[in-house]
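Novice: Dumping the structure here so I can ask a few things about it.
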Amino acid sequence: MPSMAEKKETSMPSSSEGQGSLILSFKIVFSNLVYIIFAALIAVAFSIISIIFDQLLFFYPIIIFYLPDDAIVGFILANIIAILLGIVVSMNIYVFRHSKIKIRSTSLLSGSSLGVLSSICVSCSSLGFFLASTLAAAGVTASAFVSNYQTPLRLLSIALLIWAYYSISNKLTKSCMKTYLNSSK
Amino acid sequence: MYGQKPNEQTKTLPLHDLIKNGSPFLGNVSAPITIIDFSDFQCYLCNRFVRNTEPLINQTYIQTGKVALVFGHLPNRGLDSMDAALAAQCTNDQGKFWQFHNLLYSNQKPIDSGWVSKENLKNFASQISGLDIKQFNTCFDNEKYKSFVQKDIDLALSFGFRETPSFIVENSNGSNPEMLSGALPFDSFKAVVEKKISAG
Numbered sequence: 002m003p004s005m006a007e008k009k010e011t012s013m014p015s016s017s018e019g020q021g022s023l024i025l026s027f028k029i030v031f032s033n034l035v036y037i038i039f040a041a042l043i044a045v046a047f048s049i050i051s052i053i054f055d056q057l058l059f060f061y062p063i064i065i066f067y068l069p070d071d072a073i074v075g076f077i078l079a080n081i082i083a084i085l086l087g088i089v090v091s092m093n094i095y096v097f098r099h100s101k102i103k104i105r106s107t108s109l110l111s112g113s114s115l116g117v118l119s120s121i122c123v124s125c126s127s128l129g130f131f132l133a134s135t136l137a138a139a140g141v142t143a144s145a146f147v148s149n150y151q152t153p154l155r156l157l158s159i160a161l162l163i164w165a166y167y168s169i170s171n172k173l174t175k176s177c178m179k180t181y182l183n184s185s186k
Numbered sequence: 110m111y112g113q114k115p116n117e118q119t120k121t122l123p124l125h126d127l128i129k130n131g132s133p134f135l136g137n138v139s140a141p142i143t144i145i146d147f148s149d150f151q152c153y154l155c156n157r158f159v160r161n162t163e164p165l166i167n168q169t170y171i172q173t174g175k176v177a178l179v180f181g182h183l184p185n186r187g188l189d190s191m192d193a194a195l196a197a198q199c200t201n202d203q204g205k206f207w208q209f210h211n212l213l214y215s216n217q218k219p220i221d222s223g224w225v226s227k228e229n230l231k232n233f234a235s236q237i238s239g240l241d242i243k244q245f246n247t248c249f250d251n252e253k254y255k256s257f258v259q260k261d262i263d264l265a266l267s268f269g270f271r272e273t274p275s276f277i278v279e280n281s282n283g284s285n286p287e288m289l290s291g292a293l294p295f296d297s298f299k300a301v302v303e304k305k306i307s308a309g
């Protein structure tokens, strides 16, 4: 028979508990300055890569940042992805380093890793030409698809990263709960 | 590739030769600087250049006789891009290239969504006042400029251009070419053009 504590651990969280765990996990990780810096570095790096691929930042003949009207939505979405990416990757690293329970590789794959990959793929949309030249007609079609659906793909990336955040938050709070329960036995 | 000098084996492209060969151009034939723009009508970054940068180049340098802008075809964005290039070159026969160019960019839709199907290209052409549509249709249906467009593509590839828009900024005799890639803002072109003007 499972104990009361174990029953509590496996039961579904209510919406307020879910929100609480999202905030709690964020506070746990980012109370440490190292993780704030790490998240900021990832976000800034990803943001710079995105604006280079989106042709908003040029280094030649002069260094110039340029945000025309048609690029504003993409710029905002890319920066949301960059911030979420920084948060999710930092939280994953925190869990790897501190968690006493094993994280199944499948949950990582379906969580933040997928979000990271999808975000990077969105940034690749500006590289369609290289696909086109190397893969001929199939490359043209692939690059056209990525180019045409740039905004929906970015929105999908944001959704995946939010899901990844939710997933890693649950792992983190469950891990804390288990540690707490084990220590209180 | 965001900008570099072409290698020594790359041919120079005097403005006079480009015009003689039938490349569409804007500006004065005696302009000291030439900008060759390799673009695709389906490319949204080319559209960004046309809407944001080209008007400023036109106003500042083309209208003042300092720069001539030559259009080069690099239809690599989608499967319908070649037809758009062929149609545009046919309008150049009747001196209507830039009207057609502006019409296509102002009506640009997602790549290969059918907006530059053969039928739609003919519809666009029919909207240009003064264009002989029969002559256009004959030119377009016979793919009169297929080899011309292919030469433009080969030329762009010989400069290492893979993406659109890409540019060559050179003296009008074809000397001192400088290559630029991407939908650059006006200030980037200004830096290169002013440098060439001041160098004489």
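Residue numbers (my numbering), protein chains in the order written: chain Z, 2 to 186; chain A, 110 to 309.
Yeah, the Cβ is synthetic: ideal placement off N, Cα and C, and Gly gets one too.
Is A:Asp-192 buried or exposed, if buried means 16 or more other CB atoms sit within 10 Å of its CB?
Specialist: Stepping through the second sequence from its first residue, residue 192 of chain A is reached at position 83. A:Asp-192 should be labelled buried.
Novice: Does the beta carbon of A:Val-302 sit closer than 7 Å to a beta carbon anywhere in chain Z?
Specialist: Within the second sequence, the letter at position 193 stands for residue 302 of chain A. No, A:Val-302 does not count as interfacial toward chain Z.
Novice: So, using beta-carbon positions, are A:Val-278 and A:Ile-166 closer together than 7 Å?
Specialist: Here residue 278 of chain A corresponds to residue number 169 of the second sequence, with the count starting at 1. Here residue 166 of chain A corresponds to residue number 57 of the second sequence, with the count starting at 1. No. Outside cutoff.
Novice: At a Cβ cut of 7 Å, what residues of the stretch 51-77 of chain Z count as close to chain A, listed as they run along the chain?
Specialist: Those residues of the stretch 51-77 of chain Z that come within reach of chain A (Cβ to Cβ, closer than 7 Å) are Gln-56, Phe-59, Phe-60, Tyr-61, Pro-62, Ile-63, Ile-65, Tyr-67, Pro-69 and Asp-71.
Novice: Using a Cβ-Cβ distance cut-off of 7 Å, determine whether Z:Ala-145 contacts chain A.
Specialist: Counting from one through the first sequence, the residue named residue 145 of chain Z turns up at place 144. Yes, because at least one Cβ of chain A sits closer than 7 Å to the Cβ of Z:Ala-145.
Novice: Once DSSP output is grouped into helix, strand and coil, what is the label at A:Thr-143?
Specialist: Translated into positions along the second sequence, residue 143 of chain A becomes position 34. Three-state result, A:Thr-143: strand.
Novice: Measuring straight from C-alpha to C-alpha, what distance separates A:Ser-275 and A:Phe-268?
Specialist: By one-based count along the second sequence, residue 275 of chain A stands at place 166. By one-based count along the second sequence, residue 268 of chain A stands at place 159. Taking the straight line joining both Cα atoms gives about 10 Å.
Novice: Going by DSSP, what residue range makes up the alpha helix (DSSP H) through A:Gly-181?
Specialist: Taking the second sequence and counting its residues from 1, one reaches residue 181 of chain A at position 72. Note, A:Gly-181: premise wrong, no alpha helix (DSSP H); beta strand (DSSP E) at 176-182.
Novice: Report the partner residues of A:Leu-165 according to the DSSP bridge assignment.
Specialist: Looking up residue 165 of chain A in the second sequence gives position 56. Answer is none; A:Leu-165 lacks a bridge partner.
Novice: Where does the unbroken beta strand (DSSP E) through A:Val-138 begin, and where does it stop?
Specialist: Taking the first residue of the second sequence as 1, we reach residue 138 of chain A at position 29. Neither: A:Val-138 is in no beta strand (DSSP E) and is coded neither H nor E.
Novice: Any beta-carbon of chain Z closer than 7 Å to the one on A:Asp-149?
Specialist: Numbered from 1 along the second sequence, position 40 holds the residue referred to as residue 149 of chain A. Cβ-Cβ to chain Z under 7 Å: no for A:Asp-149.
Novice: Starting from the Cα of A:Asn-137, find the closest Cα among A:Val-159, A:Leu-178 and A:Arg-186 and give me that residue.
Specialist: Locating residue 137 of chain A in the second sequence gives position 28, counting from the first residue. For the residues A:Val-159, A:Leu-178 and A:Arg-186, the minimum Cα distance to A:Asn-137 belongs to A:Leu-178.
Novice: Can you list, in chain order, the residues of the stretch 276-298 of chain A whose Cβ is nearer than 8 Å to any Cβ on chain Z?
Specialist: So the close ones are Glu-287, Leu-289, Gly-291, Ala-292, Leu-293, Pro-294, Asp-296 and Ser-297.
Novice: Can you name the residues of chain Z whose CB is closer than 7 Å to the CB of A:Ile-220?
Specialist: Residue 220 of chain A sits at position 111 when you count from the first residue of the second sequence. The answer, in chain order, is Ala-145, Ser-148 and Asn-149.
Novice: Among A:Asn-216, A:Ser-256, A:Val-159 and A:Asn-156, whose alpha-carbon lies nearest the alpha-carbon of A:Cys-199?
Specialist: Here residue 199 of chain A refers to the residue found at position 90 when the second sequence is read from its first residue. Taking only the C-alpha atoms, the option nearest A:Cys-199 is A:Ser-256.
Novice: Just mark Z:Ser-32 as buried or exposed, buried being the case when its beta carbon has 16 or more other beta carbons within 10 Å.
Specialist: The residue given as residue 32 of chain Z occupies position 31 in the first sequence. Exposed.
Novice: Taking CB distances under 7 Å as the criterion, tell me whether Z:Val-90 reaches chain A.
Specialist: What you label residue 90 of chain Z is simply residue 89 of the first sequence in a count that begins at 1. Z:Val-90 does not count as touching chain A.
Novice: Which residue wins for smallest C-alpha separation from Z:Trp-164, given the options Z:Ile-73, Z:Leu-86, Z:Ile-49 and Z:Ile-77?
Specialist: To locate residue 164 of chain Z, count along the first sequence from 1; it is residue 163. Here the closest residue by C-alpha is Z:Leu-86.
Novice: For A:Lys-70, is the classification buried or exposed, using 16 other Cβ atoms within 10 angstroms of its Cβ as the cut-off for buried?
Specialist: Residue coverage of chain A in this structure runs from 110 to 309, which leaves residue 70 of chain A outside it and unanswerable.
Novice: So does the stretch 150-164 of chain A actually touch the stretch 236-250 of chain A, counting three or more Cβ pairs closer than 8 Å?
Specialist: In short, these stretches do not touch, since the Cβ pair count stays below three.
Novice: How long is the line joining the alpha carbons of Z:Tyr-195 and Z:Met-92, rounded to whole angstroms?
Specialist: Since the first and last residues shown for chain Z are 2 and 186, residue 195 of chain Z lies out of range.
Novice: Taking DSSP as the reference, what is the three-state secondary structure of A:Asn-280?
Specialist: Position 171 of the second sequence, counting from 1, holds the residue named residue 280 of chain A. In this structure, A:Asn-280 counts as strand in the three-state DSSP scheme.
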